[in-house]
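*Asks:* Have a look at this one before I ask anything.
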């Protein structure tokens with residue numbers, strides 16, 4: 002069908018499920034947004050990658066498990082949009098419990114045997130796609146494009162594909178994956194990357210999150226003399242591609258899924274998508290396996306690299322809210338911080354610039370005595386291991402409350418450091 006014909010199959014009173022960002026059927030969602038007859042449509046989604054009309058329509062209620070820029074704009078404009086707190090692994094049972102009548106996804110064009118690769122996204126919706134396809138009371142709509150890379154899973158266990166026989170409606174488009182350019186890397190990010198580099202030994206297995214700092218670290222590793230790395234990462238990025246292209250990734254020493262770079266979704270440049278096409282050394286598997294803390298811990302010399310919005314002197318991390326306002330989502334932050342803390346040779350790095358600038362130009366410290374008012378804890382203090390800013394490294398594992406506070410204050414920006422140190426023992430940790 003055309004996208005308009007497929008959109009017409011959704012009832013005015015209905016529910017629609019779409020995957021995380023890169024797996025979204027953008028053409029279909031735009032077609033749904035052209036309709037104005039919605040009475041009660043529930044859209045279950047995460048990290049919208051385009052500014053669709055649909056969430057702004059009367060009669061549409063959007064439930065998101067991860068806010069991106071689009072969700073924040075819809076919220077601020079007064080749309081009926083709501084955040085569901087859940088880490089990435091728990092999105093799967095949320096989809097199963099809510100069971101949207103219409104499930105959708107992006108995929109590659111069918112091959113000669115009728116198989117469509119799920120391309121750059123496995124995430125938390127794979128099982129629900131299959132369930133919808135098998136249920137005559139539900140509808141599975143797939144947008145297929147030959148411009149998407151054909152990627153693989155793990156054999157028959159996690160095949161990362163759909164068959165034409167499962168699909169109710171197929172929309173053929175020539176749409177390319179959403180391009181995510183490299184984040185700008187400044188002096189602070191370069192300094193943080195150099196400090197983080199000392200924790201990454203040859204043969205380490207790596208997880209890198211989104212943003213300029215993980216990109217700077219991956220670039221530094223690609224240009225260094227080290228190597229023999231493995232990859233076990235929720236997101237596959239431009240930086241990880243460059244690390245692989247530099248011959249630095251062998252996946253020989255991982256302990257879990259040796260020989261394969263493991264991921265659950267990819268987002269980046271056109272170069273990344275072209276590089277992924279047809280590869281059998283990168284496996285896309287559901288997030289329930291990728292983010293499983295026991296699987297993460299099974300990797301030898303696991304090093305996880307993530308960011309934060311703010312950290313207090315107790316070691317509590319706010320990574321998905323700015324004050325009381327939802328900014329992004331829990332995602333896999335806690336899973337990878339936790340999973341890398343179960344073995345002595347594993348390390349979890351939380352990397353962030355020491356300061357942020359407010360809209361009026363005021364400089365504020367990201368390391369605070371207490372988290373800013375209304376902030377929510379993404380990752381609790383007892384999981385935090387290593388915090389890296391451009392001013393140094395704070396190792397928290399095995400240290401007392403006071404020692405941790407002193408270590409964190411010592412890597413704050415010099416403008417705020419003395420104030421933070423003075424607060425320890427008065428109204429701070431002691």
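Numbering (our numbering), first residue to last: 2 to 431. Here a beta-carbon is modelled for each residue, glycine too, at the ideal position from N, C-alpha and C. Bear in mind the structure is a predicted one, so any value in this text is a computation, not a measurement.
What are the partner residues of residue 48, as DSSP defines its beta bridges?
*Replies:* For residue 48, which the question treats as bridged, DSSP gives no partner whatsoever.
*Asks:* Under DSSP, the alpha helix (DSSP H) around residue 423 begins and ends at which residues?
*Replies:* 415–424
*Asks:* Can you tell which of 115, 22 and 251 has its C-alpha closest to the C-alpha of residue 71?
*Replies:* 22
*Asks:* Using three-state DSSP, classify residue 378 as helix, strand or coil.
*Replies:* coil
*Asks:* Which residue from 232, 17 and 131 puts its Cα closest to that of residue 43?
*Replies:* 17
*Asks:* So what's residue 242 in DSSP terms, helix, strand or just coil?
*Replies:* helix
*Asks:* Answer with buried or exposed for residue 52, where buried requires no fewer than 16 other C-beta atoms within 10 angstroms of its C-beta.
*Replies:* exposed
*Asks:* Give me the Cα-Cα distance between residue 82 and residue 58, rounded to the nearest whole angstrom.
*Replies:* 11 Å
*Asks:* Under 8 Å by Cβ, that's how I've got residue 145 and residue 111 pegged, so tell me the actual separation to the nearest angstrom.
*Replies:* Between the beta-carbon of residue 145 and that of residue 111 there is about 7 Å, and that keeps the pair under the 8 Å contact cut.
*Asks:* Find the nearest neighbour of residue 307 within the set 215, 314 and 272, judged by alpha-carbon distance.
*Replies:* 215
*Asks:* Looking only at its chain, what residues have a beta carbon closer than 7 Å to the beta carbon of residue 116, apart from the 5 residues adjacent to it on each side?
*Replies:* 162 and 164
*Asks:* Could you check whether residue 278 and residue 150 sit closer than 8 Å to each other, using their CB atoms as the reference points?
*Replies:* yes
*Asks:* In three-state DSSP terms, what is residue 349?
*Replies:* strand
*Asks:* Would you call the region 173–191 in contact with the region 315–325, where contact means no fewer than 3 C-beta pairs closer than 8 Å?
*Replies:* Two segments are said to touch when three or more pairs of C-beta atoms, one from each, lie closer than 8 Å; by this definition the region 173–191 does not touch the region 315–325.
*Asks:* Could you tell me whether the Cβ atoms of residue 196 and residue 323 are closer together than 8 Å?
*Replies:* no
*Asks:* For residue 376, which option in 240, 310 and 108 has the closest C-alpha, if you only look at C-alpha atoms?
*Replies:* Out of 240, 310 and 108, the CA that lies nearest to the CA of residue 376 is found in 310.
*Asks:* Between residue 4 and residue 29, which are expected to be in contact by the criterion C-beta below 8 Å, what is the C-beta distance as a whole number of angstroms?
*Replies:* Sure, about 5 Å apart at Cβ, within 8 Å.
*Asks:* Are any of the Cβ atoms in chain C nearer than 8 Å to that of residue 45?
*Replies:* This model lacks chain C altogether; it includes just one protein chain.
*Asks:* Give me, in chain order, the residues of the same chain whose beta-carbon lies closer than 7 Å to that of residue 234; leave out the 5 immediate sequence neighbours on both sides.
*Replies:* The answer, listed in chain order, is 207, 208, 209, 241 and 264.
*Asks:* Residue 299 and residue 256: beta carbons closer than 8 Å?
*Replies:* Residue 299 places its beta carbon less than 8 Å from that of residue 256.
*Asks:* Let me confirm a value: residue 388 is counted as buried when at least 16 other C-beta atoms fall within 10 Å, else exposed. Which label applies?
*Replies:* buried
*Asks:* Please check the pair residue 301 and residue 346, which I expect to be a contact at CB under 8 Å, by giving their CB distance rounded to whole angstroms.
*Replies:* 7 Å
*Asks:* Given residue 130, which residues of its chain have a CB within under 7 Å of its CB, disregarding the five upstream and five downstream residues?
*Replies:* 104, 106, 141 and 163
*Asks:* In its own chain, which residues sit with a C-beta less than 7 Å from the C-beta of residue 160, not counting the 5 before and 5 after it?
*Replies:* Counting only Cβ-Cβ distances below 7 Å, and skipping sequence neighbours, we find 154.
*Asks:* Looking at residue 93: is its Cβ nearer than 8 Å to the Cβ of residue 143?
*Replies:* Not in contact: residue 93 and residue 143 (Cβ atoms no closer than 8 Å).
*Asks:* Leaving out five residues on either side along the sequence, give the residues of the same chain with a beta carbon under 6 Å from the beta carbon of residue 34.
*Replies:* So the qualifying residues of the chain are 53, 54 and 55.
*Asks:* Mind checking whether residue 239 and residue 157 have CB atoms under 8 Å apart?
*Replies:* Against a cut-off of 8 Å, the Cβ pair of residue 157 and residue 239 comes out as no contact.
*Asks:* Can you give the Cα-Cα distance for residue 218 and residue 337, rounded to whole angstroms?
*Replies:* Taking the Cα positions, residue 218 is about 17 Å away from residue 337.
*Asks:* My parser needs the alpha helix (DSSP H) runs of 4 or more residues fully inside the region 306–346; what are they?
*Replies:* 334–340
*Asks:* Measuring only the C-alpha atoms, how far is residue 60 from residue 102?
*Replies:* When rounded, the distance between both Cα atoms is 17 Å.
*Asks:* For residue 133, which residues in the same chain have their Cβ closer than 6 Å to its Cβ, ignoring the five residues on either side in sequence?
*Replies:* 104, 139 and 141
*Asks:* If distances are taken between C-alpha atoms only, which option among 327, 181, 41 and 293 comes closest to residue 90?
*Replies:* Comparing Cα positions, the closest option is 293.
*Asks:* What does DSSP give as the partner residues of residue 396 in its beta bridges?
*Replies:* Looking at the DSSP assignment, residue 396 forms a beta bridge with 387.
*Asks:* Would you tell me roughly how many angstroms separate the C-alpha atoms of residue 121 and residue 296, rounded to the nearest one?
*Replies:* Their backbone Cα atoms lie some 21 Å apart in a straight line.
*Asks:* Check each candidate in 411, 384, 175 and 410 and name the one with the smallest Cα separation from residue 399.
*Replies:* 384
*Asks:* Could you give the distance in angstroms between the alpha-carbon of residue 412 and the alpha-carbon of residue 127?
*Replies:* 42 Å
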